[in-house]
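Q: The numbering of the sequence shown is this note's numbering, which starts it at 49 and goes up by one. Backbone N, C-alpha and C define an ideal beta-carbon position, used for all residues, glycine too. Being a predicted model, the structure only gives us computed values, none of them experimental.
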Amino acid sequence: MQRAWMITLVWAAGALAQSGPRLLLTPEDFARVKALAQQQSWARSVYDAIVLAAEDWPKTHLQRYGLSVWEVPPEGGQWSQHYICKVHGVSLQFHPPDKHVCPVDGQVYSGWPYDQVIYGRRHSESAAAARDNGLAWQFTRRPEFARAAARILLAYADVYLSYPLKDVNNRPDTSGAARVTAQTLDEAVWLITMAWAYDLISDSDALNQAERRHVEQDLLRPAASLIMRNNRGMSNWQSWHNAAIGAVGFTLRDQALVAAAIDGPSGFRYQMRASVQADGVWYEGAWGYHFYALDPLCQLAEMAARAQIDLWAEPSLRSMFEAPLKFALPDGTLPNFNDSGNVSLYNYDRLYELAYARYADPLFATVLGRRARGREALFWGAPELPAAQPPPLPSFVFEASGNAILRARANDHYVAFKFGPHGGGHGHYDKLNFISFWNGGIMAVDPGTQSYAAPTHSTWDKMTVAHNTLVVDERTQSEATGNLHGFALLPDVSAVRADAGQAYRQAELVRTLLLTPEYLVDLFEARARDGRPHRYDWVYHNYGALSSPLPLELYTAFPKSEGYQHLSNARAAVTGHAWQANFDMNQTASTVYGSVWTSVSGIRASYEYSREQASAGRFSGKLSYDFSAASGYILFSTPALSGLPREAPAQLSVMIYGDGSGHRLALRLYDSTDERFVYTVGPVNWTGWRQITASEPQSWSHYLGNNDGVFDPPVKTVSVELSYTAGGPLRGTLYVDEIALEYAGKGWLQVTGFERPLRNLRLWMLAEPGTTVVLGEGLGPNLLVPVPFVMARRQSVETRFVTLLEPWAETPAINAFELLPDERLRIVSDQFEDKLWFDGHSRLEFVRRVEGALRRLALAGQQQLSDEERVLVELPQPASLQVDYAEDGQRAEIALEGEPEGELRLWGPRLRQISINGSALECRREEDYCVVKLSPAMR
Ligand SMILES: [Zn+2]
Ligand SMILES: [Zn+2]
């Protein structure tokens, strides 16, 4: 009650003082934005792009949809998820005005719901155009912009209530049904944009009093009421609902709507309490939905801020920004668990712009500055960004959402392990699943999700066998919440153990994962609850080409249901011995480099990393062309380059592997204004490698950009241009390598040698009589690229799958892997001998020797660690530490956790220097030990 009263007070005072927009940007904000655009070039280009978009309306829109005049579509839009080929499950391509084409076989779809999906795009673009014209009106005060926004608003006010209600299945009577779209979720997304457009032109005379009433009473209010009818409680939908209800409420100064959006039974504050778990992860456990829900939460917080209500102070909101940073893979993407693709943190830089501006935490700025700053930065962001490098991340356990992120300090080996709550309607039946990453790429893979209308969404994506876990009796798991048994997280040794809860009534599953920089050990236990034998299928999916020395034969024993029907090319062997398989991730042909542009849409071309040829190193760029459908030219371009000198290059050198085709070749350099400098090589009349050198770009032909003939540094892109010449082959392949630029005084700088790290993974499972090993292919995140799997099948009451997963580059190094009778793991490689033990709770012991000498110790939840002969380290109380010996045992670096007080004794006859958590300490010698006094000051 008090809060509603406060809003009244603020508005009463504000109403007199303030006219003009107030929803997301106020007149003061616009003054700030204009000043910023004067000062900073990135802000200027965002600002100019908005005015250009407004000026362009509706020209490009009409071309895109094959229309001659802008009007509202004849009916509401349909669910975008419908826009897939029924046979291949892939997205359709729109050929205006009304054809919907499968990219795989050219099959043309028409009518419902495809036409309506396109109407939906038109509705959404028209709302965006109303908003952009409103922004352009505020920027320029040119009345035609306000009039364009008003025209769109009025056109929708005219038709809104006449559009029939329907849901994604075209039913009029369900709670999700909407008018302009097919669900209240999408109606909310659309309504926020329309409400803002209305707010932005509130200080123009483009709408008279009667027209304003028309927009408010026939569009904004009925749309808000429609959304309010569908209370979705804990959900990403409700976050959008709240923001839309709030958008109308703040725009129209309707206290009841604002109160519902913020403090209502499903309002913003309820979402913060119920939908955000204690560790900051959105309850659906799908990162796509985490960010999808975060977006409207931020929008509502910005709207509220302009009415002096501080929603940014909610700790749960801040935690939603922190959790993904702790969770992310080394490349900044997030695991595609549940109904989510591999979303990248950096694609949500627009939300982190707001987080950094509001919280001023430099950690949030580490997500920023990788791409050009955009609208959110201009409107709500900090004027300047700090040069912040992300700190190295340790391992984390997310107890509330049930995830463990294991990392190694020494390299980018990473595992995300999932055991938590199911995640509602978007959950997958994949308890104890994990994905992994090493040397720049994903290894263990989750299929993520296809369109919800794709048949494989329910027959594969959600199924247990599609994940890296264990299937009992060939049946998919039940909805369940697993239990964390324990964990130990040290810089280079980490361990976690969890069970699958009630995923299977008939069996208990418990998995332990242990990660080091060099390997991952997986101990997967399955135990019948009914004392009877069951079938246990341990399954693992990994990118690459799979092979095994096992004598494999055709295998046809899989059932035709529960996802197994999608396992193809199955070959199997029965073994009672330890066995191995290898995934070679270097041959994968689909690793795209840079980008391709064709002068005519029928030309096909690709630019990929390749190991087929190389003029130096192992890889080159493979340029594939196909002129069979159309002739013209192709540009094969590097990604946008950075870090090149701010001066014009003197020379360009490129290695080209010719195919003797006679097609014409040219090289292009783009300067910082996008001016193209083109050097003509001539026909490709050679085969094999040839070096092409071209000097003085300013003497080449030039066009576009600022077209002043002056090379404005730095070089932005290097492109290879291939033009069709009559008589040449229609299809072919060139390779490019060693692209380099020469600068006066600096010499040659390599732009790219196309080199990539080599990546393989060896899987090594210990012996168990009667194990059937099956290799084959399953589906992956891209339905057109199968992903190999390996499965170990056993029939028993109780079993344990003990597996080592070793990523390797040049040659695998591990030559012994055993589980000793005392449950210690022994792992021996060309470089080290490790002994590793974890009790499944919090106690861990790790000893690494190199040529017999101690190299690394790790201890968790214990007071001392011994080998066969002596105590190696002793603490005053149980704690966790990792000791790294260096300089032939003369120096030891200790990472210590916890707050033990007293003396630490560390074995080391040659030890002369000890540092703990980075600070050097005096130590006292006691025979073969070094003794240091621990004090709180060292933490
Ligand atoms: Zn198709
Ligand atoms: Zn999944």
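Taking only the alpha-carbon atoms, compute the straight-line gap between I293 and A555 and give it to the nearest angstrom.
A: Your numbering for residue 293 matches position 245 in the sequence shown. Your numbering for residue 555 matches position 507 in the sequence shown. Rounded to whole angstroms, I293 to A555 spans 47 angstroms at the Cα level.
Q: For the alpha helix (DSSP H) containing N278, list its first residue and its last residue.
A: What you label residue 278 is simply residue 230 of the sequence shown in a count that begins at 1. Where N278 is concerned, there is no enclosing alpha helix (DSSP H), given that its DSSP letter is neither H nor E.
Q: Counting only the same chain and skipping the five closest in sequence on each side, list residues whose C-beta sits under 7 angstroms from that of P151.
A: Here residue 151 corresponds to residue number 103 of the sequence shown, with the count starting at 1. For P151, where only same-chain residues beyond five positions count, the Cβ hits under 7 angstroms are V138, Q141.
Q: Enumerate in chain order the residues of its own chain whose CB-to-CB distance from H171 is below 8 angstroms, with the five nearest sequence positions on each side excluded.
A: Numbered from 1 along the sequence shown, position 123 holds the residue referred to as residue 171. Within the same chain, H171 has close Cβ partners V120, P121, G124, G125, V228, T229, W238.
Q: Verify the contact flag: P495, CB atom, against every heavy atom of ligand 2, threshold strictly below 7 angstroms.
A: Sequence index remark: in the sequence shown, residue 495 carries index 447 (1-based). Yes; taking the cut-off as 7 angstroms, the Cβ of P495 has a heavy atom of ligand 2 nearer than that.
Q: Span of the beta strand (DSSP E) holding Q930?
A: Translated into the one-based positions of the sequence shown, residue 930 becomes position 882. Counting along the chain, the beta strand (DSSP E) containing Q930 begins and ends at 919 to 934.
Q: Go through its chain and collect everything with a Cβ distance to Q155's Cβ below 8 angstroms, but skip five positions before and after it.
A: The residue labelled residue 155 in the question sits at position 107 within the sequence shown. Around Q155: C133, V135, V149.
Q: Let's see if you can read the secondary structure: which residues bound the beta strand (DSSP E) around D302?
A: For this step, residue 302 is matched to residue 254 along the sequence shown. Run containing D302: none; DSSP gives neither H nor E here.
Q: Going by the C-beta, is H476 closer than 7 angstroms to any heavy atom of ligand 2?
A: Translated into the one-based positions of the sequence shown, residue 476 becomes position 428. Checking the Cβ of H476 against ligand 2 gives yes.
Q: Compute the Euclidean distance between the alpha carbons of Y477 and G710, then round it to the nearest angstrom.
A: To locate residue 477, count along the sequence shown from 1; it is residue 429. To locate residue 710, count along the sequence shown from 1; it is residue 662. Cα to Cα, Y477 sits roughly 55 angstroms from G710.
Q: Check whether the region 689 to 709 touches the region 773 to 793, taking contact to mean three or more Cβ pairs, one atom from each stretch, closer than 8 angstroms.
A: yes
Q: How is the alpha helix (DSSP H) around K107 delimited, first residue to last?
A: The residue given as residue 107 occupies position 59 in the sequence shown. It spans 107 to 113 - the alpha helix (DSSP H) in which K107 sits, taken as one unbroken run.
Q: For the alpha helix (DSSP H) containing Y404, name the first residue and the last one.
A: Looking up residue 404 in the sequence shown gives position 356. Per DSSP, Y404 belongs to the alpha helix (DSSP H) from 397 to 407.
Q: Identify whether K82 lies in helix, strand or coil by the three-state DSSP scheme.
A: For the purposes of this step, residue 82 is taken as the residue at position 34 of the sequence shown. K82 falls in the helix class under three-state DSSP.
Q: Classify K608 as buried or exposed, calling it buried when 16 or more other Cβ atoms lie within 10 Å of its own Cβ.
A: Sequence index remark: in the sequence shown, residue 608 carries index 560 (1-based). That one is exposed.
Q: Output the residues surrounding ligand 1, defined as those with a CB atom closer than 7 angstroms to any ligand heavy atom, in chain order.
A: The set, ordered by position in the chain, is C133, V135, H136, V138, C150, V152, D153, Q155.
Q: Please determine, among G475, S720, L982, the residue with the shortest C-alpha to C-alpha distance to P948.
A: By 1-based counting over the sequence shown, the position of residue 948 is 900. Residue L982 is the option with its Cα nearest to P948.
Q: I need the straight-line Cα distance from A65 to R189, nearest angstrom please.
A: Taking the first residue of the sequence shown as position 1, residue 65 is located at position 17. Taking the first residue of the sequence shown as position 1, residue 189 is located at position 141. Unreliable placement is indicated for A65, whose pLDDT of 42 sits below 50; the coordinate value is still reported in the next sentence. Going by the C-alpha atoms only, they are around 21 angstroms apart.
Q: How do the region 854 to 861 and the region 543 to 553 stand: do at least 3 beta-carbon pairs fall below 8 angstroms, yes or no?
A: no
Q: Say whether the region 450 to 470 touches the region 390 to 404, bearing in mind that this needs 3 or more beta-carbon pairs closer than 8 angstroms, one atom from each stretch.
A: no
Q: Cα separation between A618 and V99?
A: Position 570 of the sequence shown, counted from the first residue, corresponds to residue 618. Position 51 of the sequence shown, counted from the first residue, corresponds to residue 99. Each residue's alpha carbon lies about 57 angstroms from the other.
Q: How far does the beta strand (DSSP E) with M813 in it extend, from its first residue to its last?
A: As a first step, residue 813 is located in the sequence shown; it is residue number 765 there, counting from the start. Looking at the DSSP string, the run of the beta strand (DSSP E) that includes M813 is 808 to 813.
Q: Quickly, what does DSSP pair W885 with across the bridge? List them, please.
A: Within the sequence shown, numbered from 1, the residue matching residue 885 stands at position 837. According to DSSP, which records beta bridges pairwise, W885 is partnered with E893.
Q: What number of angstroms, rounded off, separates the C-alpha of F187 from the C-alpha of I200?
A: Against the sequence shown, residue 187 aligns to sequence position 139. Against the sequence shown, residue 200 aligns to sequence position 152. Going by the C-alpha atoms only, they are around 19 angstroms apart.
Q: Does the Cβ-Cβ distance between A175 and T241 come in under 8 angstroms?
A: Position 127 of the sequence shown, counted from the start, is the residue given in the question as residue 175. Position 193 of the sequence shown, counted from the start, is the residue given in the question as residue 241. Their beta carbons are under 8 angstroms apart, which means A175 touches T241 by this criterion.
Q: Is N386 near ligand 2 - that is, is its Cβ less than 7 angstroms away from at least one heavy atom of it?
A: For the purposes of this step, residue 386 is taken as residue 338 along the sequence shown, with counting starting at 1. For ligand 2, at least one heavy atom lies less than 7 angstroms from the Cβ of N386.
Q: Could you tell me which residues DSSP puts in a beta bridge with H589?
A: Taking the sequence shown and counting its residues from 1, the one referred to as residue 589 is at position 541. DSSP, once it has assigned bridges, lists F837 as partnering H589.
Q: Does DSSP classify I875 as helix, strand or coil?
A: In the sequence shown, the residue the question calls residue 875 occupies position 827. In this structure, I875 counts as strand in the three-state DSSP scheme.
Q: List the whole-angstrom C-beta distance separating E816 from G801, where the pair is believed to meet the contact cut-off of C-beta under 8 angstroms.
A: For the purposes of this step, residue 816 is identified with residue 768 of the sequence shown, where counting begins at 1. For the purposes of this step, residue 801 is identified with residue 753 of the sequence shown, where counting begins at 1. At roughly 46 angstroms, the Cβ-Cβ gap does not stay under 8 angstroms, so E816 and G801 are not in contact.
Q: DSSP puts T847 in a beta bridge; with which residues?
A: Taking the sequence shown and counting its residues from 1, the one referred to as residue 847 is at position 799. The partner list for T847 (beta bridge, DSSP) reads A574.
Q: Could you check where the alpha helix (DSSP H) with Y791 kicks off and where it finishes?
A: Looking up residue 791 in the sequence shown gives position 743. Where Y791 is concerned, there is no enclosing alpha helix (DSSP H), although the beta strand (DSSP E) it sits in stretches over 779 to 791.
Q: Around the Cβ of Q347, are there at least 16 other Cβ atoms within 10 angstroms (buried) or fewer (exposed)?
A: Working through the sequence shown from its first residue, we reach residue 347 at position 299. By the 10 Å Cβ count, Q347 comes out buried.
Q: Roughly how many angstroms separate the alpha carbons of A291 and L73, rounded to a whole number?
A: If you number the sequence shown from 1, residue 291 lands on position 243. If you number the sequence shown from 1, residue 73 lands on position 25. A291 and L73: Cα-Cα distance of roughly 15 angstroms.
Q: To the nearest angstrom, how far is it from the Cα of A637 to the Cα of R269?
A: Against the sequence shown, residue 637 aligns to sequence position 589. Against the sequence shown, residue 269 aligns to sequence position 221. Bear in mind that the predicted position of A637 carries a pLDDT of just 47, short of 50, making it too unreliable to give a figure here.
Q: Measuring from the CB of H515, is there a heavy atom of ligand 2 at a distance below 7 angstroms?
A: Position 467 of the sequence shown, counted from the start, is the residue given in the question as residue 515. Yes, Cβ of H515 sits closer than 7 angstroms to a heavy atom of ligand 2.
Q: For the putative contact between G669 and Y657, defined by C-beta atoms under 8 angstroms, what is the C-beta separation to the nearest angstrom?
A: Taking the sequence shown and counting its residues from 1, the one referred to as residue 669 is at position 621. Taking the sequence shown and counting its residues from 1, the one referred to as residue 657 is at position 609. Their Cβ separation, rounded to whole angstroms, is 7 angstroms, which keeps G669 and Y657 in contact under 8 angstroms.
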